[in-house]
Amino acid sequence: MDLVLLIEQLLNGLQFGVMLFLMAAGLTLIFGVMGLINLAHGSLYMIGAFAAAAVASATGSFILALIASLAAAAIAGVIVEMVVIRRLYDRDHLDQVLATFALILIFSEGTRWVFGSFPLYLDVPSALSGAVELPFGISYPAYRLAIIGIGLVVAFGLFLLITRTRIGMRIRAGESDREMIAALGVNIAVLYTAIFALGAALAGFAGALVGAIQSVQVGMGEPVLILAFVTIVIGGIGSIRGAFVGALLVGLTDTMGRVLLPVLFGAFMNPSAAMAIGSALASMSIYILMAAILLFKPTGLYGSA
Amino acid sequence: MQRETLINTVLTLGLLAVPLAAWAMDEPYTITLATKVVIFALAGVGLNLALGLGGLVSLGHAMFFGIGGYAAGILASHAQSYEPIMEWPFLIEGTQSMPVIWVMAIVVSALVALATGALSLRTSGVYFIMITLAFGQMFYYFTISWPAYGGEDGLSIYVRDRFPGLNTLDPLHFFGLCFALLMLGLFIVARISRSGFGLALNAARQNEARVRAVGIEPYRLRLIAFVISGAITGLAGALYADLNRFVSPVMFSWQTSGEIMIFVILGGVARLFGPVAGAALFIILEEVLGGVSDYWHIYLGALLLIVVLFARGGLIGVLAGRNGGGGHD
């Protein structure tokens with residue numbers, strides 16, 4: 003195992019973690035303020051990716067594609083919130099899980115209906131298509147590096163939005179006492195819709211960015227959704243900081259586990275058995291991490307009871 | 025309550041009449057569909073015990089469904105290849121005998137439910153939903169990446185497993201077996217919900233603090249309920265493996281957990297026959313809407329939304345009125 007490969011994998015893990023954060027931030031905000039489990043968050047991710055792919059193939063512009071992903075996911079988020087989600091805030095978690103599971107079915111099949119079953123492709127913009135030379139003789143794809151940068155900028159922007167602005171203040175107030183801020187004259191319905199749209203836009207944005215590395219297809223949202231849930235559970239549901247730490251933990255554990263575990267078992271086993279056990283364990287590693295963290299902190303790393 | 029009993033009787037008779045009529049008209053496909061309803065209903069009956077009576081929203085019951093399926097698949101595949109499963113410290117050979125497979129499916133599911141339940145029940149609310157989901161995903165990814173039993177491609181059972189005295193290859197015989205097990209499962213759950221244990225479990229769902237105050241520990245009640253629930257769903261998984269003569273990691277996927285939950289909700293949470301009504305409705309919808317449109321999941325999703333938003337008692341709740349089942353608060 004040489005150092006160059008290790009650093010490349012670290013960067014991959016970081017990129018994965020940053021993308022997870024964009025998904026997890028919306029989920030955790032929506033849960034923190036409205037108390038809603040939104041399984042359909044993965045569908046918003048998919049909508050963003052499809053909107054970006056459609057606009058990119060029509061106009062050829064990656065920037066327009068990213069804007070389209072933000073807009074499409076935010077609009078879908080507003081519609082879903084106003085038609086379905088706002089009826090669920092007072093319901094128990096079981097109803098929320100089922101209703102948003104139903105939304106997944108509707109969104110997935112609807113997208114398949116419109117775009118067909120074949121995956122679409124979103125090209126990496128030509129300015130970012132090459133590799134960048136980093137110190138120690140590492141060359142790393144420019145686009146993935148850009149994703150890390152964009153993700154960190156968005157994370158910082160979100161941090162500023164929540165800690166430094168009036169709307170952020172309302173969001174934080176909503177997290178600690180919903181009834182009270184409604185009583186103080188904040189239009190809570192509009193605030194909820196805005197938070198949902200913000201979470202949706204972040205998810206759609208993540209979908210578009212990842213769509214250029216992977217293929218854009220129906221069902222792409224659900225694996226990411228589950229990882230995002232693992233992320234916010236590890237971090238403590240409702241905590242943005244927890245989502246950030248959790249996302250990086252999950253991203254790095256998953257990526258490094260896949261590289262290191264087969265090597266680790268190879269030290270005292272024959273190669274094929276080590277490969278099998280190593281990769282089997284690696285694919286379970288983040289769930290083991292989550293179970294272990296919940297055992298010691300049943301409400302996650304930064305969660306409040 | 026009487027209306028619900030009537031509905032339950034009609035459901036049971038209907039579930040018996042459809043395959044018999046299909047047998048008379050020589051339509052084996054319909055018998056297979058009815059068998060599928062019965063097996064899914066049994067899986068739902070298992071979940072309903074944890075979800076309806078215990079209030080434990082488990083999004084990981086595919087775990088037990090899959091374990092039951094793989095218990096059947098692994099035992100049968102070793103029997104087919106005449107290779108023992110292990111020779112040391114004692115010899116375990118594969119088998120194609122259904123009773124042995126069922127016992128194995130029930131025991132392994134129960135043990136896994138005991139281990140995962142003991143950990144998961146330390147949390148509650150959303151964390152419980154998510155940790156059960158995570159345990160399910162663990163098994164899903166493990167079976168995908170573990171090559172010994174087919175990995176992602178799954179495992180075929182070339183000849184359906186045998187049951188003494190019956191020809192399980194005959195669809196009607198196999199249906200009869202599954203139906204008998206469903207009735208047994210319903211009987212057990214009905215007895216449990218009327219026992220002191222069931223009442224205490226239901227009380228713990230409604231008001232944990234009061235149950236504690238009278239000296240009952242909710243954790244133990246819930247753990248026992250989770251284990252029984254997992255064992256019943258595991259048995260359904262073993263039957264499902266034999267129905268398809270095939271098992272694959274899909275049985276472990278979280279969509280399977282979601283579908284088992286749909287059976288319970290469509291029919292009516294905490295209603296004894298809720299999962300039966302829900303599974304029947306699901307399969308009928310799949311057949312009818314699947315014939316109308318390739319995109320039938322849209323209609324299923326819309327229907328599910330309507331049930332959750334407006335018809336909260338599910339099918340049986342709508343038919344029998346809201347004051348029926350024992351699980352309402």
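Protein chains in written order, with the working numbering: chain G, 3 to 307; chain H, 25 to 353.
Backbone N, C-alpha and C define an ideal beta-carbon position, used for all residues, glycine too.
If you're wondering where the values come from, they're calculated on a predicted model, not measured in any experiment.
Quick test of your reading: residue i and residue j, contact by CB under 8 Å. State the CB separation rounded to the nearest angstrom.
{"i": "G/LEU90", "j": "G/ALA205", "result": "Not a contact, Cβ separation roughly 18 Å."}
{"i": "H/PHE163", "j": "H/MET87", "result": "5 Å"}
{"i": "G/VAL247", "j": "G/GLY237", "result": "6 Å"}
{"i": "G/PRO264", "j": "G/GLY253", "result": "That belief does not hold up - the Cβ atoms of G/PRO264 and G/GLY253 are roughly 19 Å apart, past 8 Å."}
{"i": "G/ALA75", "j": "G/ALA185", "result": "No, G/ALA75 and G/ALA185 are not in contact; Cβ-Cβ is about 32 Å, not under 8 Å."}
{"i": "G/ILE239", "j": "G/GLY302", "result": "6 Å"}
{"i": "G/SER119", "j": "G/VAL220", "result": "7 Å"}
{"i": "H/ALA153", "j": "G/VAL99", "result": "With the sequence shown as reference, residue 153 of chain H is identified as Ile, and Ala is not the correct amino acid for it. With 8 Å as the limit, H/ILE153 and G/VAL99 qualify as a contact, their Cβ atoms being about 7 Å apart."}
{"i": "G/SER241", "j": "G/GLY305", "result": "6 Å"}
{"i": "G/THR233", "j": "G/ALA26", "result": "4 Å"}
{"i": "G/GLY132", "j": "G/ALA144", "result": "6 Å"}
{"i": "H/ALA262", "j": "H/ALA129", "result": "4 Å"}
Counting only beta-carbon separations shorter than 8 Å, does residue i have a partner in chain H?
{"i": "G/ALA97", "result": "Looking at the sequence provided, one finds Asp at residue 97 of chain G rather than Ala. Chain H, which has a Cβ nearer than 8 Å to the Cβ of G/ASP97, makes this yes."}
{"i": "G/TYR289", "result": "yes"}
{"i": "G/PHE231", "result": "yes"}
{"i": "G/THR301", "result": "yes"}
{"i": "G/SER1", "result": "Nothing can be reported for residue 1 of chain G, as the shown portion of chain G is limited to 3 through 307."}
{"i": "G/PHE161", "result": "no"}
{"i": "G/MET286", "result": "yes"}
{"i": "G/PHE103", "result": "yes"}
Excluding sequence positions up to five away, which residues of its chain have a Cβ less than 6 Å from the Cβ of residue i?
{"i": "H/ALA137", "result": "PHE250, VAL251 and GLY254"}
{"i": "H/TYR94", "result": "VAL271"}
{"i": "G/VAL57", "result": "LEU66, ALA67 and ALA70"}
{"i": "H/PHE8", "result": "This structure gives no information on residue 8 of chain H, because the portion of chain H shown stretches from 25 to 353."}
{"i": "H/GLY349", "result": "Only weak support exists for where H/GLY349 lies, its pLDDT of 44 falling under 50; the coordinates are left without a value."}
{"i": "G/GLY259", "result": "ALA284 and SER287"}
{"i": "H/VAL62", "result": "CYS202, PHE203 and LEU206"}
{"i": "G/LEU31", "result": "ILE197 and GLY201"}
{"i": "H/GLU241", "result": "none"}
{"i": "H/THR140", "result": "PHE159"}
Would residue i pass as an interface residue toward chain G - the criterion being a Cβ-Cβ separation below 8 Å?
{"i": "H/ARG186", "result": "no"}
{"i": "H/LEU210", "result": "no"}
{"i": "H/ALA158", "result": "yes"}
{"i": "H/GLN161", "result": "yes"}
{"i": "H/MET275", "result": "no"}
{"i": "H/HIS102", "result": "no"}
{"i": "H/ILE98", "result": "no"}
{"i": "H/MET285", "result": "yes"}
{"i": "H/TRP47", "result": "no"}
{"i": "H/PHE369", "result": "Because chain H in this structure spans residues 25 to 353, residue 369 of chain H falls outside the shown range and cannot be described."}
{"i": "H/GLY90", "result": "no"}
For residue i, which residues from the same chain have a beta carbon less than 7 Å from its beta carbon, with the 5 sequence-adjacent residues on both sides left out?
{"i": "H/ASP353", "result": "Annotation note: pLDDT 41 at H/ASP353 (below 50); position unreliable, coordinate value reported separately. Contacts found: GLN230."}
{"i": "H/SER277", "result": "ALA86 and TYR164"}
{"i": "G/VAL261", "result": "GLN11"}
Tell me which same chain residues have a C-beta within less than 8 Å of the C-beta of residue i, skipping the five on either side of it?
{"i": "H/GLU107", "result": "GLY118"}
{"i": "G/PHE207", "result": "LEU24, GLY50, LEU68, SER71, LEU72, ALA75 and VAL156"}
{"i": "G/SER217", "result": "PRO121, LEU122 and TYR123"}
{"i": "H/ILE98", "result": "ILE109, GLY118, TYR173 and LEU179"}
| said: Short of 9 Å Cβ to Cβ, which residues in the stretch 112-134 of chain G face chain H? | reply: GLY112, ARG114 and TRP115
| query | Just by C-beta distance, which residues in the stretch 81-92 of chain G are closer than 9 Å to chain H? | reply | VAL86, ARG89 and LEU90
| task | Quick one: which residues of the stretch 168-182 of chain H get their C-beta closer than 9 Å to a C-beta of chain G? List them in chain order. | result | ILE168, SER169, TRP170, PRO171 and ALA172
| query | Using 8 Å as the Cβ pair cut-off and three pairs as the minimum, do the stretch 60-75 of chain H and the stretch 290-306 of chain H touch? | reply | yes
| Contact between the stretch 193-202 of chain H and the stretch 275-284 of chain H (3+ Cβ pairs under 8 Å) | no
| query | Using 8 Å as the threshold, is the stretch 98-115 of chain G in touch with the stretch 311-323 of chain H, meaning 3 or more CB pairs across them? | reply | yes
| Is the stretch 136-156 of chain G touching the stretch 10-17 of chain G in the sense that three or more CB pairs, one from each, lie closer than 8 Å? | yes
| request: Give the residues from the stretch 139-155 of chain H that approach chain G closer than 7 Å (Cβ to any Cβ), ordered along the chain. | output: LEU143, ARG146, THR147, GLY149, VAL150, TYR151, ILE153, MET154 and ILE155
| How do the stretch 286-304 of chain G and the stretch 154-162 of chain H stand: do at least 3 beta-carbon pairs fall below 8 Å, yes or no? | yes
| Between the stretch 223-255 of chain G and chain H, which residues of the former have CB atoms less than 7 Å from a CB of the latter, in chain order? | ILE228, PHE231, VAL232, VAL235 and ILE239
| request: Could you please tell me which residues of the stretch 326-341 of chain H, in chain order, have their CB closer than 7 Å to any CB of chain G? | output: ALA326, LEU328, LEU329, VAL332 and LEU333
| task | Spell out a yes or no on whether the stretch 36-50 of chain G and the stretch 76-95 of chain G are touching, meaning 3 or more CB-CB pairs, one atom from each, closer than 8 Å. | result | yes
| request: Could you say if the stretch 93-110 of chain G and the stretch 122-133 of chain G meet the contact criterion of at least three C-beta pairs nearer than 8 Å? | output: no
| Do three or more CB pairs link the stretch 224-241 of chain H to the stretch 73-83 of chain H at distances below 8 Å? | yes
| query | Does the stretch 254-269 of chain H come close enough to the stretch 177-190 of chain H to have 3 or more Cβ pairs within less than 8 Å? | reply | yes
| task | Taking a Cβ distance cut-off of 7 Å, strictly less, list which residues of the stretch 109-126 of chain H are near chain G, in chain order. | result | none
| query | Of all the residues that make up the stretch 169-186 of chain G, which are near chain H by a beta-carbon distance shorter than 8 Å? | reply | none
| task | Note down, in chain order, all residues in the stretch 306-323 of chain H with a beta-carbon under 7 Å from any beta-carbon belonging to chain G. | result | TYR319, HIS321 and ILE322
| Residues from the stretch 198-217 of chain G in contact with chain H, defined by Cβ distance under 7 Å | none
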